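Q: The structure is given below, and queries will be raised subsequently.
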Amino acid sequence: GMHFNYWSPSDNRPTATDMLFTDGGCMENLALIPLLQRKVNKIILFDNSGTALKPSSSWDVTNTPPSNDDVDSSLSSLFGMQADDNKEYYDRNFFYNNNKVFDSNDYQTFILKLQSAQQSGNGIIASMNLTTITNDWWGIDAGFEVELTVVYLGRISNWESELSIEMQEKVIPQENADDLSHTIDKGMFKHYPHYQTAGGLLSYEKSNLLAN
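Numbering follows the working numbering, with no gaps: position 147 of the sequence shown is 150.
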């Protein structure tokens with residue numbers, strides 16, 4: 004966030020006040036909570052995160068709390084699962100501590116569903132029936148049942164296998180390629196598909212590859 008002296012344009016006698024300006028995603032980045040506020044009971048959520056989902060082979064969610072390198076922190080925060088690594092950075096830039104709307108006991112089951120889909124090679128897509136808990140900060144009532152489907156951005160091995168050899172060399176990492184959280188570290192499609200989206204950095208080529 005950024006601090007600015009701000010005053011209302013409609014104030015006849017404006018007095019500057021130190022205000023913190025920030026992107027709305029620093030509060031809630033998935034737009035799920037507004038849908039729960041409106042009592043939408045079937046939701047498809049596209050989590051196009053810059054953080055790749057770690058597969059079950061390298062992250063045992065049943066025994067290991069999430070780190071910010073394992074899964075999107077926005078998704079974890081909905082279950083009250085906040086990572087402790089790099090805490091100072093996240094506390095300074097994000098405010099996810101009030102975003103718990105689902106029971107923490109459902110977190111492991113949901114992540115395992117995503118990891119299972121990831122391993123199948125057809126896309127990281129999982130559905131689960133969840134029930135809200137009370138969240139006074141966002142005005143969410145307990146007991147609301149929602150069918151939540153999450154489509155998590157990530158490498159798709161069966162799709163990659165159908166690419167031409169030329170394209171495979173451009174998007175599939177040469178080392179540790181079976182770990183679908185591992186991305187190519189050089190070239191035009193570096194870190195595909197988890198590009199940084201700030202500042203209009205997506206070229207025609209990157210955008211077309213994502214669309215495909």
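Glycine is no exception: its CB is placed at the ideal position from the N, C-alpha and C atoms. Being a predicted model, the structure only gives us computed values, none of them experimental.
Between which two residues does the beta strand (DSSP E) holding Thr155 run?
A: Residue 155 sits at position 152 when you count from the first residue of the sequence shown. The identity of residue 155 in the sequence shown is Tyr, whereas the question assumes Thr. It spans 148-155 - the beta strand (DSSP E) in which Tyr155 sits, taken as one unbroken run.
Q: Thinking C-beta only, is Phe49 closer than 7 angstroms to Leu81?
A: Here residue 81 refers to the residue found at position 78 when the sequence shown is read from its first residue. Here residue 49 refers to the residue found at position 46 when the sequence shown is read from its first residue. No, Cβ-Cβ distance for Leu81 and Phe49 is not below 7 angstroms.
Q: Cα-Cα, which of Pro196, Leu23, Asp181 is closest to Ser60?
A: The residue given as residue 60 occupies position 57 in the sequence shown. The option with the nearest alpha carbon to Ser60 is Asp181.
Q: Rounded to the nearest angstrom, what separates Ser79 and Lys209 at their Cα positions?
A: Translated into positions along the sequence shown, residue 79 becomes position 76. Translated into positions along the sequence shown, residue 209 becomes position 206. Distance between the alpha carbons of Ser79 and Lys209 is about 28 angstroms.
Q: When you compare the segment 146-164 with the segment 113-133, are there three or more beta-carbon pairs, one atom per stretch, that lie closer than 8 angstroms?
A: The answer is yes - the segment 113-133 touches the segment 146-164, with three or more Cβ pairs under 8 angstroms.
Q: Taking Thr152 and Ser130 to be in contact with their CB atoms under 8 angstroms, please state how far apart those CB atoms are, rounded to whole angstroms.
A: For this step, residue 152 is matched to residue 149 along the sequence shown. For this step, residue 130 is matched to residue 127 along the sequence shown. With 8 angstroms as the limit, Thr152 and Ser130 qualify as a contact, their Cβ atoms being about 4 angstroms apart.
Q: With distances taken between CB atoms, is the gap from Val132 to Glu150 smaller than 7 angstroms?
A: Here residue 132 refers to the residue found at position 129 when the sequence shown is read from its first residue. Here residue 150 refers to the residue found at position 147 when the sequence shown is read from its first residue. Val is not the amino acid found at residue 132; the sequence shown has Asn there. Their beta carbons are under 7 angstroms apart, which means Asn132 touches Glu150 by this criterion.
Q: Quick one: is Gly157 near chain D, going by C-beta distance under 7 angstroms?
A: This model lacks chain D altogether; it includes just one protein chain.
Q: Can you tell me the Cα-Cα spacing of Phe192 and Ser52, whole angstroms?
A: Working through the sequence shown from its first residue, we reach residue 192 at position 189. Working through the sequence shown from its first residue, we reach residue 52 at position 49. Phe192 and Ser52: Cα-Cα distance of roughly 16 angstroms.
Q: Have a look at Met84 and Lys103 and give me their C-alpha separation to the nearest angstrom.
A: Counting from one through the sequence shown, the residue named residue 84 turns up at place 81. Counting from one through the sequence shown, the residue named residue 103 turns up at place 100. Using only the alpha carbons, I get a separation of about 8 angstroms.
Q: Exposed or buried, what is Tyr110 when buried is set at 16 or more other beta-carbons lying within 10 Å of its beta-carbon?
A: Counting from one through the sequence shown, the residue named residue 110 turns up at place 107. That one is buried.
Q: For my contact list, Pro69 and Ala86 are in at a C-beta cut-off of 8 angstroms; report their separation, rounded to the angstrom.
A: Working through the sequence shown from its first residue, we reach residue 69 at position 66. Working through the sequence shown from its first residue, we reach residue 86 at position 83. So it is a contact: roughly 5 angstroms between Cβ atoms.
Q: For Val43, count the other beta carbons within 10 Å of its own beta carbon; 16 or more makes it buried, fewer makes it exposed. Which is it?
A: Taking the first residue of the sequence shown as position 1, residue 43 is located at position 40. When all chains shown are included, Val43 counts as exposed.
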